[in-house]
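So the protein lines, in turn, are chains U and A. Our numbering numbers the first residue of the first sequence as 1361 and each following residue consecutively. Our numbering numbers the first residue of the second sequence as 166 and each following residue consecutively. By construction, the Cβ of each residue, glycine as well, lies at the ideal position given by its N, Cα and C atoms. Worksheet: the structure to be examined is printed underneath.
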Amino acid sequence: AQSVTQLDSQVPVFEEAPVELRCNYSSSVSVYLFWYVQYPNQGLQLLLKYLSGSTLVESINGFEAEFNKSQTSFHLRKPSVHISDTAEYFCAVSEAGAQGGSEKLVFGKGTKLTVNP
Amino acid sequence: DTGVSQDPRHKITKRGQNVTFRCDPISEHNRLYWYRQTLGQGPEFLTYFQNEAQLEKSRLLSDRFSAERPKGSFSTLEIQRTEQGDSAMYLCASSLTPNSPLHFGNGTRLTVT
């Protein structure tokens, strides 16, 4: 079974500051890793994912995450945040397999990112 | 692409009553998932369908819970004899293939009084 730990429940930052949202996972098998974002009053949306290949993955809005197998981490970073990045961010893991992907995602508890002017 | 639609958005019910939620996935998506999210927690997997077949159920899905997807399109989640512990946001998601991302609906918030 997999588990996900998001170490920070809330992260307040000022606009244009860098941010890192931490995610560690536990699994006895190979995994796929995801970050989902939930903006206020909206559903969860996929931000980025790691399935295989390059360990550094990027989103279209400037976020990036790096898969570190030795540290079992998948931290999310952005060098300069905007007020519009205010949202709750969820790290998730699923078991890698022949079909793989999004089945039976195991989510962390989420990190609320608040960007202040 | 009209997105995943869930109905109702909110449901308040008294303990012991039955409730049913509906999820309409994105039309070409053959996989449909139900998750539950309680306050301060991330979503927890409940069950998923490939077309009309229910392929897996979490141990969280007690005998009081039943999910169906009769024609491989919309799905319903029924909770019988609701308990206060059932109060949560119930999320539906769909995907086109196993490797494609989940598209989530806005959820149905259930409050059991």
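Please report the Cβ distance between residue i and residue j, rounded to the nearest whole angstrom; I am assuming they are in contact, meaning their Cβ atoms lie under 8 Å.
| i | j | result |
| --- | --- | --- |
| Phe1467(U) | Pro266(A) | Their Cβ separation, rounded to whole angstroms, is 14 Å, which puts Phe1467(U) and Pro266(A) out of contact at 8 Å. |
| Cys188(A) | Phe239(A) | 6 Å |
| Leu242(A) | Leu225(A) | Their Cβ separation, rounded to whole angstroms, is 12 Å, which puts Leu242(A) and Leu225(A) out of contact at 8 Å. |
| Gln206(A) | Lys1469(U) | 5 Å |
| Tyr1392(U) | Val1453(U) | 7 Å |
| Gln1398(U) | Cys1383(U) | Between Cys1383(U) and Gln1398(U) the Cβ distance is about 15 Å, and since that is not below 8 Å, they are no contact. |
| Ala258(A) | Val169(A) | 6 Å |
| Thr273(A) | Phe186(A) | 5 Å |
| Arg174(A) | Leu197(A) | Contact flag wrong, Cβ pair sits at about 19 Å. |
| Thr1471(U) | Asp1368(U) | 5 Å |
| Gly1478(U) | Lys1438(U) | Residue 1478(U) falls outside the range modelled here, since chain U spans only 1361 to 1477, and no answer is possible. |
Taking the beta strand (DSSP E) that residue i belongs to, which residues open and close that run?
| i | result |
| --- | --- |
| Thr278(A) | Unbroken run through Thr278(A): none, as it is neither H nor E. |
| Leu1473(U) | Thr1471 to Asn1476 |
| Val1371(U) | Gln1370 to Phe1374 |
| Ser260(A) | Ala253 to Ser260 |
| Lys1438(U) | Ser1433 to Lys1438 |
| Cys1383(U) | No beta strand (DSSP E) holds Cys1383(U); DSSP gives it neither H nor E. |
| Val1389(U) | Note, Val1389(U): premise wrong, no beta strand (DSSP E); not H, not E. |
| Leu1407(U) | Gln1405 to Tyr1410 |
| Tyr1449(U) | Ala1447 to Glu1455 |
| Glu1427(U) | The sequence shown places Phe at residue 1427(U), not Glu. Here the beta strand (DSSP E) through Phe1427(U) covers Glu1424 to Asn1428. |
| Ile177(A) | His175 to Thr178 |
| Thr1365(U) | Ser1363 to Thr1365 |
| Val1417(U) | Leu1416 to Glu1418 |
| Gln171(A) | Ser170 to Asp172 |
For residue i versus residue j, is the C-beta distance shorter than 8 Å?
| i | j | result |
| --- | --- | --- |
| Gly237(A) | Asn195(A) | yes |
| Thr278(A) | Ile177(A) | yes |
| Val1364(U) | Glu1455(U) | no |
| Tyr1385(U) | Phe1434(U) | yes |
| Thr1446(U) | Leu1473(U) | yes |
| Ser252(A) | Thr276(A) | yes |
| Glu1426(U) | Glu1418(U) | no |
| Glu1375(U) | Ile1443(U) | yes |
| Gly1403(U) | Asn216(A) | no |
| Leu1416(U) | Leu1381(U) | no |
| Gly181(A) | Thr262(A) | no |
| Pro1378(U) | Ser1440(U) | yes |
| Gln219(A) | Met254(A) | no |
| Arg229(A) | Gln249(A) | no |
- Message: What are the residues in the region 1387-1413 of chain U lying within 9 Å of chain A by C-beta distance?
- Response: Tyr1392, Phe1394, Tyr1396, Gln1398, Asn1401, Gln1402, Gly1403, Leu1404, Gln1405, Leu1406, Lys1409 and Leu1411
- Curious, which full-length beta strand (DSSP E) runs of at least 3 residues does the region 186-254 of chain A contain? Contiguous beta strand (DSSP E) elements confined to the region 186-254 of chain A occur at 196-202, 209-215, 218-222, 230-233 and 240-244, taking only those with 3 or more residues.
- Name, going along the chain, the residues of the region 1462-1474 of chain U whose beta-carbon falls closer than 8 Å to a beta-carbon of chain A. Ser1462, Glu1463, Lys1464, Leu1465, Val1466, Phe1467, Gly1468, Lys1469 and Gly1470
- Quick one, which residues of the region 170-190 of chain A are near chain U if we go by CB-CB under 7 Å, in chain order? none
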